[in-house]
Each structure stands twice: as structure tokens, then as C-alpha cells.
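Numbering (my numbering), first residue to last: 44 to 790.
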């Protein structure tokens with residue numbers, strides 16, 4: 044631990060030596076800096092290895108004499124606003140001479156319009172903020188101002204500045220650039236293009252004598268399509284061998300002058316640009332069309348289509364033609380199938396049934412032999428024009444696709460009828476059923492046509508549910524039988540047999556017919572056509588007339604009656620009417636029965652009026668009530684599976700009349716389907732509403748007695764008050780004579 048204390052003075056000494064050896068360093072560029080009159084000059088200055096605050100201040104001074112003891116004039120300062128001498132005050136106030144701080148330790152002196160009188164020595168000084176004065180606190184750089192000797196202009200080879208070209212044409216642009224500078228300078232010539240807001244570089248001849256293409260023109264420069272040539276008389280020519288639509292826009296020539304500095308680095312001292320031309324490129328006109336629009340061809344015949352194209356292109360060009368096929372008019376060319384193509388050398392791709400012939404320079408004939416229905420669709424023709432380039436390659440100048448032509452291949456549709464016959468019908472359950480589906484009067488059934496069958500079942504009934512036809516079994520084009528869900532298990536057990544005894548006959552046999560098999564059956568015969576790839580396509584379906592498989596059986600008989608324990612009531616009382624359903628014949632489970640119950644009333648004994656709907660309760664438990672005008676109300680409920688009660692609350696005179704119920708039974712079959720039976724109407728029951736006389740007069744009598752009593756009491760009260768206050772007479776008292784009384788007392 045003691046050695047560290049002994050080493051501390053040594054470390055401080057080494058640190059002070061390091062600081063003393065280096066100290067503050069102020070840097071400016073190595074001179075002389077050659078600049079062109081009237082251009083902007085930027086002289087950077089930075090300081091390093093200093094102490095004190097991180098942000099340093101800078102003073103700039105100028106001297107026209109390069110002697111070390113020359114007098115410097117104060118120009119501008121970052122910290123002293125009164126630093127500028129009177130000679131530079133106007134230029135500093137007018138922002139012609141400014142300071143731009145780049146960082147805490149770096150600034151740039153900017154002279155916006157340098158003059159010949161600005162040639163001289165520029166000194167950058169940093170005020171000291173160090174504890175020890177070490178290093179350099181200023182640096183001097185020489186600036187030389189030369190006259191502007193750069194000349195840039197358009198060549199006079201063409202008078203107009205707008206060039207109208209056709210796509211694929213060659214064009215050349217020229218600009219002149221020269222300099223008579225007193226210094227040894229090099230020129231950097233760049234051709235630029237603009238088709239919007241920003242200029243982009245095409246090709247440059249740098250100040251180091253190198254060709255430099257722009258990023259968008261690199262491939263065209265390598266292929267030789269774009270060149271830059273330095274010609275006599277200081278002419279720089281831009282050559283484009285094939286004009287593209289993307290070449291349309293403005294062109295300019297930008298020339299910069301460069302000089303090599305003291306540190307052997309190149310410095311750009313000035314730059315000028317001149318607009319050369321506006322180039323307008325007319326794209327090659329190309330029209331492509333098919334001579335026919337909508338085409339119908341019979342299966343087995345040949346399809347003939349001709350593709351024609353027109354163009355305004357002159358000179359040497361070659362055409363390439365492709366035929367496409369698509370099943371949809373909205374599909375893209377990438378999704379379409381290429382049928383045949385003829386390249387620039389008229390070489391046609393091979394195909395067995397399709398041929399492409401070159402009729403003339405602008406016509407190509409497509410022939411498809413032995414068409415089938417799978418050839419129906421949309422046919423396109425695409426033409427591409429190519430022009431040769433100077434390097435032997437070909438350039439695509441135009442490509443167009445025709446409007447699609449619709450081709451419909453009409454199949455040789457066979458004609459036939461289908462006859463369905465029940466060869467065995469059941470008389471009772473468990474009897475066999477056999478159906479035979481036969482093809483009759485068949486025509487146009489060559490060897491490439493095949494027939495298959497599909498069997499369907501339909502349950503005939505009056506039902507509130509939509510019952511679809513159920514598929515029992517169907518055959519594929521290769522005669523593979525696919526059994527439906529309804530008959531799959533029974534077919535596996537051998538209870539249902541599907542067979543094809545002859546070429547034109549198909550058979551369905553049910554070994555033991557059940558209640559669930561009752562219904563209608565029909566068959567559908569499908570015709571299939573063989574395609575060139577040995578696949579099969581369905582061309583027609585013919586259905587037979589349905590055959591009913593039914594046998595006599597007993598159904599349930601329903602009866603309906605209305606009962607009430609009390610049919611004569613007084614107004615305001617409750618009436619209960621019960622609709623009772625009974626069944627005769629087949630015994631059914633309550634779960635297999637459901638009822639829609641409706642109540643009606645006819646307000647007449649003779650039943651000569653129209654019935655009035657009161658309320659209903661459907662088999663799903665939904666109650667519907669008619670709108671009532673009186674104060675009475677009705678309610679309807681199910682009190683047992685086959686008994687429904689109607690309550691009339693607070694009976695009124697309008698409830699008088701015959702009442703009956705209308706019932707619609709629903710029965711669930713063995714197949715689980717609800718089936719609607721015939722409506723059943725009950726006999727009417729008369730409801731009589733009487734008036735209760737005692738109750739009718741009870742309240743008026745009580746009201747009369749009460750009013751009489753109140754009136755009598757009120758009369759007595761009025762008489763008493765009148766006699767007590769209003770009719771009272773004042774009685775005068777006889778005044779006694781004092782004197783007379785006194786005399787009597789004295790006596």
C-alpha cells in the first residue's frame with residue numbers, strides 16, 4: 044500500500060510532461076486554397092487537446108500580405124460582437140461573411156461571394172482557457188482567388204431544345220466545356236436526367252479521367268447502350284443507341300472544376316450546369332387482335348384462330364407471338380396456359396394436336412385439332428416487337444395482348460330417356476322391394492360415352508319442415524359405387540343391394556322393407572364423355588319419374604270435445620272451458636304427439652254469425668291472443684298432454700255465445716319426422732252471461748240512503764245555526780230609579 048503513495052508524484056510529473064509536449068492544437072486546412080472569384084469559400088478550423096469549458100471560441104483575422112509580420116485585420120468572432128473591424132462590418136452585418144459552428148471545438152468561416160481583394164492569409168485564433176499555456180493557439184492558411192475561366196454551353200449542332208423520338212431510335216446530345224484558369228485544374232463532366240423533381244446521374248467523365256455511370260444506368264453503360272465521348276473542340280457527347288419510354292424527360296450537362304491541393308487531395312472549386320434538351324419518346328404503336336370474336340365448335344372438329352398485329356414501326360424489327368388459353372376471362376397472364384409460341388426466328392414450339400403457322404409478317408394462324416369440351420375457354424394472342432442493337436443484342440420495344448376470344452366446344456350430347464319400374468312392391472312391412480332403372484331410346488352413344496346411376500329417396504308428407512331428397516347411392520365415372528349415409532349401414536349388412544345387371548339397366552333391391560322406407564324413389568342417369576387425357580367429364584343428367592312405395596296401414600283418429608263445469612255465469616265471474624282430445628285406433632306415445640289448439644266464439648245461439656278468434660296455443664308452446672275491446676280477458680294453458688283450458692276472466696255481455704276449439708294434430712313417424720294430420724273441430728258449448736239484480740241495485744240504493752241522510756243532517760245543522768246566531772233578539776233591561784229606591788229604603 045505504501046508504494047502507491049510513493050508513485051503518485053511520479054504519475055503527476057509524467058502527466059504534466061505529456062501535456063507540455065502536446066498542449067492545445069489549432070488546425071486549418073493546408074494551403075494554399077485556390078478558389079474562383081464570386082464563389083463561396085468555406086474554411087474550417089478546429090481546436091483539440093485543450094482545457095477549460097468544452098465549447099471553445101474562435102477569432103478570424105485576415106492579411107493581404109503573406110509575410111509573417113504582416114498586419115492582420117479582425118474579421119469576425121464567435122464571442123465578441125465588437126471584434127469585427129470597420130472594413131468588414133458591412134459584409135458581416137449583411138451575412139456575406141458568417142461563422143457556422145459545427146461542434147463545441149469546430150467552426151467554419153464562410154465567405155459567400157469571394158472577391159479578388161479577399162486573397163491573402165486567414166488566421167484562426169482560440170482564446171486561452173488552459174491553466175498552462177502550451178501548444179499553438181492560432182493557425183494560418185493562404186487563400187488564392189483566381190478569375191472564372193470555366194465556360195459551359197450547348198452545342199450548336201441542333202437549334203431546337205425539344206427532341207421528338209420514336210421508341211428504339213438512337214439520339215446524341217452535346218455540350219461544350221472548357222477552362223482558361225491560371226491554375227492547373229481538371230474538369231468533371233456529368234450528364235444528368237430528370238423526369239420529375241430530382242436530377243439523376245446518367246454518366247460522368249470524372250476529373251481523374253474515369254467513366255462513372257449512375258446507379259440506374261449501370262447495365263445500359265456496360266452493354267454499350269449509353270456512352271460518353273470526349274470529342275474535339277471541347278465537346279462532350281452523350282450517345283443513347285435505343286430510346287426507351289423511360290428516357291423521356293429533361294437533360295443537362297453539369298461541369299465542375301477541380302484543383303489538387305497541397306495535401307495532394309482534389310478540391311472542387313466551382314460548378315456550372317446548362318440545360319441541353321427535352322426528349323419526348325413516342326412509344327411504338329402496336330395493336331394485336333384475333334380475327335374472330337365468339338367461336339362455337341362441335342366436339343371432334345378443328346378450331347381455327349388467326350392473330351394479326353399492326354404497328355407504326357419501320358425499319359428492322361422481329362415479332363414474337365404467343366398463344367394463351369385460360370378457363371376464366373379474369374385470370375392473369377401468369378395463370379394462363381401457353382399453347383404455342385413463335386420466337387423472333389419463327390421457330391415454333393412443338394405440339395401434337397396444336398399447330399402454329401406464319402401466314403405473313405403480321406399474321407399467325409393457330410389450329411387445334413380434334414377439340415373436346417375441355418378446350419372451351421378463353422384464347423389470347425400476345426405479340427412482342429424486338430429491334431436489334433449495335434452490339435448484336437435485341438431490345439424489346441413493344442408488347443401487347445389481344446382481347447380474349449371466347450371458344451365454346453359443344454359436346455355431342457347423347458339423347459336418351461330414363462324409365463323407373465317397381466318390379467316388386469311390398470304389401471306389408473318386411474316384404475322385399477325391387478326397383479329397376481332402365482335407359483331407353485338412346486342415341487349418339489359412341490364408345491366414348493358412359494352411363495352411371497344415382498338413386499334418391501323422398502318422403503312424401505304434409506310437413507312444416509323442408510325435407511330434401513336423400514341420396515341413397517351414386518356411381519362415379521369409373522362405375523365405383525358411393526353409398527349415402529341413409530343406406531350405408533344397411534348396404535354393408537346386405538339389406539340393400541345395388542346392382543347393374545345389363546349395360547342399360549340398374550337395380551335397387553330392399554330385402555326387408557320397413558316403415559322408414561315408405562316414400563318416393565327416383566333414379567338419375569348421368570352420361571359421361573371421355574377426354575383426350577382419358578379423363579371423364581359429365582355432360583348430361585336425366586331423371587326418372589318418381590315411384591311411390593306405400594302399403595295400406597292404420598293411422599290415428601282424433602276426437603275433440605269441449606267441457607265446462609259451469610256455463611251460466613253472472614257478469615264479472617270466471618268461465619273455464621276445457622278442450623279435451625281423445626285418440627282412437629293406434630296407440631301413440633305422448634312424446635310422439637303434439638297439437639295446435641285455437642279457440643273461437645260465435646256471439647249467437649243460432650250460430651249464424653262469423654266466428655271470432657279468441658286465443659291459440661301452438662305445439663311449440665307459443666300463445667297468441669286476439670285484441671279485446673271490453674274489460675274481460677282470456678288465458679290459455681295446457682293442463683295435460685291432451686287437455687287445454689281456456690279461461691274467460693270478468694265475463695261481460697259480449698262473452699255470451701257459442702265457444703268451440705279447433706285442433707291440428709301432429710304425429711311423429713318412425714323416421715322421426717313430424718307429420719301434420721287433419722284439423723278436428725269440437726262441438727260448440729253455449730256460455731250464458733246473466734245480470735245479478737240485487738247486485739245491480741245494491742250500490743244505487745246505498746248511495747241514495749247515504750245522500751238522504753247527509754242532506755237531512757245538513758238541514759238540521761243549518762236550522763240550528765240560524766236560530767242560534769241569526770234570529771236572536773236583544774232584551775232591554777229596565778233601569779232602576781235610584782232615587783225611588785232610596786226613598787223606599789228610607790221608608
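We treat Cβ as the ideally placed atom computed from N, Cα and C, and that holds for glycine.
A direct Cα-to-Cα measurement between residue 150 and residue 105 gives close to 16 Å. Counting only the Cα atoms, residue 623 lies some 14 Å from residue 600. Per DSSP, the beta bridge partners of residue 564 are 500 and 590. Here DSSP, grouped into helix, strand and coil, assigns residue 290 to helix.
Ranked by Cα distance from residue 372, the first of 445, 362 and 303 is 445.
For the 8 Å CB-CB criterion, residue 662 and residue 634 do not form a contact. Note on geometry: alpha-carbon atoms of residue 82 and residue 287 lie some 38 Å from one another. Take the alpha-carbon of residue 116 and the one of residue 303: they are about 29 Å apart. Bounds of the alpha helix (DSSP H) holding residue 261 are 261 to 266. DSSP places residue 132 outside any beta strand (DSSP E); the residue lies instead in the alpha helix (DSSP H), whose first and last residues are 132 to 136. Taking a 10 Å sphere around the C-beta of residue 333, we find 16 or more other C-beta atoms and assign the residue as buried.
Beta-carbon to beta-carbon, residue 167 and residue 234 are separated by about 40 Å, too far to satisfy the 8 Å threshold. In the DSSP assignment, residue 220 falls outside any alpha helix (DSSP H) and within the unbroken beta strand (DSSP E) covering 214 to 222. Selection 261, 108 and 439 evaluated against residue 160 yields 108 as nearest (Cα-Cα). Cβ neighbours of residue 260 within its own chain (closer than 7 Å, five residues either side excluded): 245, 246 and 269.
For residue 574, the secondary structure class from DSSP, reduced to helix, strand or coil, is coil. A direct Cα-Cα distance of roughly 31 Å separates residue 678 from residue 716. For the pair of segments examined, the region 86 to 101 was found to touch the region 169 to 178: the number of CB pairs separated by less than 8 Å reaches three.
For residue 437, the CB contacts under 8 Å within the same chain, skipping 5 residues up- and downstream, are 361, 387, 429, 430 and 431 in chain order.
Taking all protein chains shown into account, residue 146 has fewer than 16 neighbouring C-beta atoms within 10 Å of its C-beta and is therefore exposed. For residue 237, the enclosing beta strand (DSSP E) starts and ends at 228 to 237. Apart from sequence neighbours up to five positions away, the residues of its chain that approach residue 655 with a beta-carbon distance below 6 Å are 644, ordered along the chain.
Taking the Cα of residue 547 as reference, the smallest distance to any Cα among 766, 481, 748 and 553 is reached at 481.
Assignment of residue 633 by DSSP, reduced to helix, strand and coil, places it in the helix class.
Listed in chain order, the non-local C-beta contacts of residue 495 below 6 Å within the same chain comprise 518 and 569, local neighbours out to five positions each way being set aside. In the pairwise beta carbon analysis, the region 681 to 697 is classified as touching the region 599 to 619: at least three pairs are separated by under 8 Å. By the Cβ neighbour-count rule, residue 537 is exposed, with fewer than 16 other Cβ atoms within 10 Å of its own.
Rounded to whole angstroms, the Cβ separation of residue 86 and residue 76 is 7 Å, and the two are in contact under 8 Å. For residue 379 against residue 369, the beta-carbon gap comes to about 4 Å, under 8 Å, which counts as contact. For residue 658, there is no enclosing alpha helix (DSSP H); the residue is part of the beta strand (DSSP E) that begins and ends at 655 to 660. Shown here, residue 543 sits in a strand according to DSSP, grouped into three states. In the structure shown, residue 569 falls within a strand segment according to DSSP collapsed to helix, strand and coil.
Its chain contains 700 and 701 as the residues whose beta carbon lies nearer than 8 Å to that of residue 647, once the 5 sequence neighbours on both sides are disregarded; these appear in chain order. Between residue 281 and residue 209, the alpha-carbon positions lie close to 18 Å from each other. Per DSSP, the beta bridge partners of residue 408 are 349 and 400. The alpha-carbon of residue 267 is positioned some 10 Å away from that of residue 285.
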